[in-house]
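All remarks here apply to the structure that follows.
Numbering (UniProt numbering), first residue to last: 1 to 369.
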């Protein structure tokens, strides 16, 4: 009996020790483990969020305040206050900071692609605007940001270039121009390409071609960011894991940049993380408005453990994992692709309470071989 009591006490002490550790204390030995912050969190206005970041994460990224529509809403008028607040937060809490993002077809100010008469600008004008924006922003944060998502979501699921205004007006070399401009503005910063649905073989192959082409021209590119807005039954994990190997074989590191887990049913026609998707609300698409059933939580937990098992196996090829938000309350998946839903996608609930999956991931990662 005494031996059983001692064993039980030892098990309790071990569990308490694991819980006392943060994700960064374990995963941080192999790579950065980060989280996206909104401007209220990065200003220090949410003490619960600050406590979580200090305990669990060694890396942060702006959810929105470093996007072009926020930094330069009018041509030549830059507003850095919110982003500077994030820089201060990262410095004060000993976090590595990633810049997100320099060139993206979405959340870009309306003036960017038009002249004063409302006509589409010429190639030379848009190249000039893009380069000035990149150089001003990267230059402002020089030495304060470890790396930048330079270009975001430029490839379609079928492997073709997205017909964004950047592509339609400049051509596919807008990507090379953007990477070169970012490197000129801060030669010490790492540079990344970031996209979703990268387990899709056609898209994976296209991004590999892009990376190899940039490297063959002497353009700096350090990593591919796999956004990883995943679901309980997607993506196919074998294809997802194959993409990590494929990108690493291109001579770059792999980052999981926007990790979350959609536990709600998808509307018919939903695909990937294309932000333009907006489906009509139906009750059947919001089945858990009050709480997540235990049966679904178990699937949520199992899926995250499967993903982190993959990341652990590939830790030598990876440099960062970033959760896209701290708590379920703040997750963009409450409104995407259907507004007004209640989702349960992250590691902390709506009251910033830690879910059991966190300790299980720590325990999984500590099982070193």
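Just so you know, even glycine gets a beta-carbon here, dropped at the ideal spot from N, CA and C.
Please read all numbers here as calculations on a predicted model, not as lab measurements.
### Query
Secondary structure at residue 351, three-state DSSP: helix, strand or coil?
coil
### Message
Can you tell me whether residue 322 is buried or exposed? The criterion is at least 16 other CB atoms within 10 Å of its CB, across all chains shown.
### Response
buried
### Message
Between which residues of its own chain and residue 247 is the CB-CB distance below 6 Å, once the five residues before and five after are set aside?
### Response
224, 254
### Message
For a test of the three-state rule: what should DSSP assign to residue 58, helix, strand or coil?
### Response
coil
### Task
Just the C-alpha distance for residue 37 and residue 215, rounded to the nearest angstrom, thanks.
32 Å
### Task
Pick helix, strand or coil for residue 288, following the three-state DSSP scheme.
coil
### Query
What is the rounded straight-line gap between the Cα of residue 118 and the Cα of residue 185?
30 Å
### Message
Just to confirm, is the Cβ distance from residue 121 to residue 169 under 8 Å?
### Response
yes
### Query
residue 314 by DSSP, collapsed to three states: which one?
coil
### Query
Looking at the structure shown, is residue 196 part of a helix, part of a strand, or coil, going by DSSP?
coil
### Query
Skipping 5 residues on each side, what residues in its chain have a beta carbon closer than 7 Å to that of residue 9?
Annotation note: pLDDT 40 at residue 9 (below 50); position unreliable, coordinate value reported separately. None.
### Message
Judging by CA-CA distance, which residue of 101, 124, 231 is the nearest neighbour of residue 171?
### Response
124
### Message
By alpha-carbon positions, which one of 199, 287, 272, 347 ends up nearest to residue 240?
### Response
199
### Message
Contact between the stretch 202-214 and the stretch 229-237 is defined here as three or more beta-carbon pairs at a separation below 8 Å; is this criterion met?
### Response
no
### Task
Sort out for me which residues DSSP pairs residue 323 with in a bridge.
35, 259
### Extent of the continuous beta strand (DSSP E) to which residue 103 belongs
96-103
### Query
Buried or exposed: where does residue 94 fall if 16 or more other Cβ atoms within 10 Å of its Cβ makes it buried?
exposed
### Task
Using the Cα positions of residue 16 and residue 295, report the straight-line distance between them to the nearest angstrom.
Caution applies to residue 16, whose pLDDT of 44 falls short of 50 and renders its modelled position unreliable; the model cannot decide the point.
#### Entry: C-alpha gap between residue 299 and residue 189, whole angstroms
39 Å
### Identity of the residue in 310, 113, 146 nearest residue 130 by Cα
113
### Task
Return yes when the Cβ of residue 31 is within less than 8 Å of the Cβ of residue 226, no when it is not.
no
### Query
According to the Cβ coordinates, are residue 340 and residue 332 closer than 8 Å?
no
#### Entry: Contact set for residue 355: own chain, Cβ-Cβ below 6 Å, skip 5 residues either direction
347
### Query
Thinking C-beta only, is residue 229 closer than 8 Å to residue 276?
no
### Query
Using the C-alpha atoms, what's the distance from residue 284 back to residue 88?
43 Å
### Bridge-paired residues (DSSP) for residue 190
147
### Cβ-Cβ separation, residue 138 to residue 182 (assumed contact under 8 Å), whole Å
5 Å
### Query
Which word fits residue 99, buried or exposed, when buried means at least 16 other C-beta atoms lie within 10 angstroms of its C-beta?
buried
### Query
Quick one: what does DSSP say residue 45 is sitting in, helix, strand or coil?
coil
### Query
What are the start and end residues of the alpha helix (DSSP H) that includes residue 133?
123-140
### Message
For residue 339, list the residues DSSP reports as bridge partners.
### Response
The partner list for residue 339 (beta bridge, DSSP) is empty, contrary to what the question assumes.
### Message
Quick check on the burial criterion: 16 or more other C-beta atoms within 10 angstroms. Buried or exposed for residue 90?
### Response
buried
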